[in-house]
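According to the working numbering, the sequence shown is numbered sequentially starting from 1. Working notes, structure below.
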Amino acid sequence: MNPSTPRDDVRLSPNAITVLEKRYLIKDEQGQPVEGPADLFWRVARTIAEPDRTYGAS
């Protein structure tokens, strides 16, 4: 797997997908999700890792 590419094989229950769609996935102007769960997890991981890139890993 290329570290800059999110994986597509995230396994989640139907309820987990519903929660992600309603609360956490980025949505367009019509309220439709424009990313999938794997994209969300990758986005969060990048955001968490950003201080290491800016200030160096501790």
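Ideal placement from N, C-alpha and C gives every residue a C-beta, glycine not left out.
Backbone CA spacing between A16 and W42 [nearest angstrom]: For the purposes of this step, residue 16 is taken as the residue at position 16 of the sequence shown. For the purposes of this step, residue 42 is taken as the residue at position 42 of the sequence shown. Straight-line Cα distance between these residues: approximately 17 Å.
Paired residues, beta bridge with K27 - DSSP: In the sequence shown, the residue the question calls residue 27 occupies position 27. Note: K27 sits in a beta bridge opposite P33.
Spatially closest choice to L20 from Q30, A45, P37, A57, by CA coordinates: Here residue 20 refers to the residue found at position 20 when the sequence shown is read from its first residue. The residue from Q30, A45, P37, A57 with its alpha-carbon nearest to that of L20 is P37.
Backbone secondary structure at L20 - three-state DSSP: Taking the first residue of the sequence shown as position 1, residue 20 is located at position 20. In the displayed model, L20 falls within a helix according to three-state DSSP.
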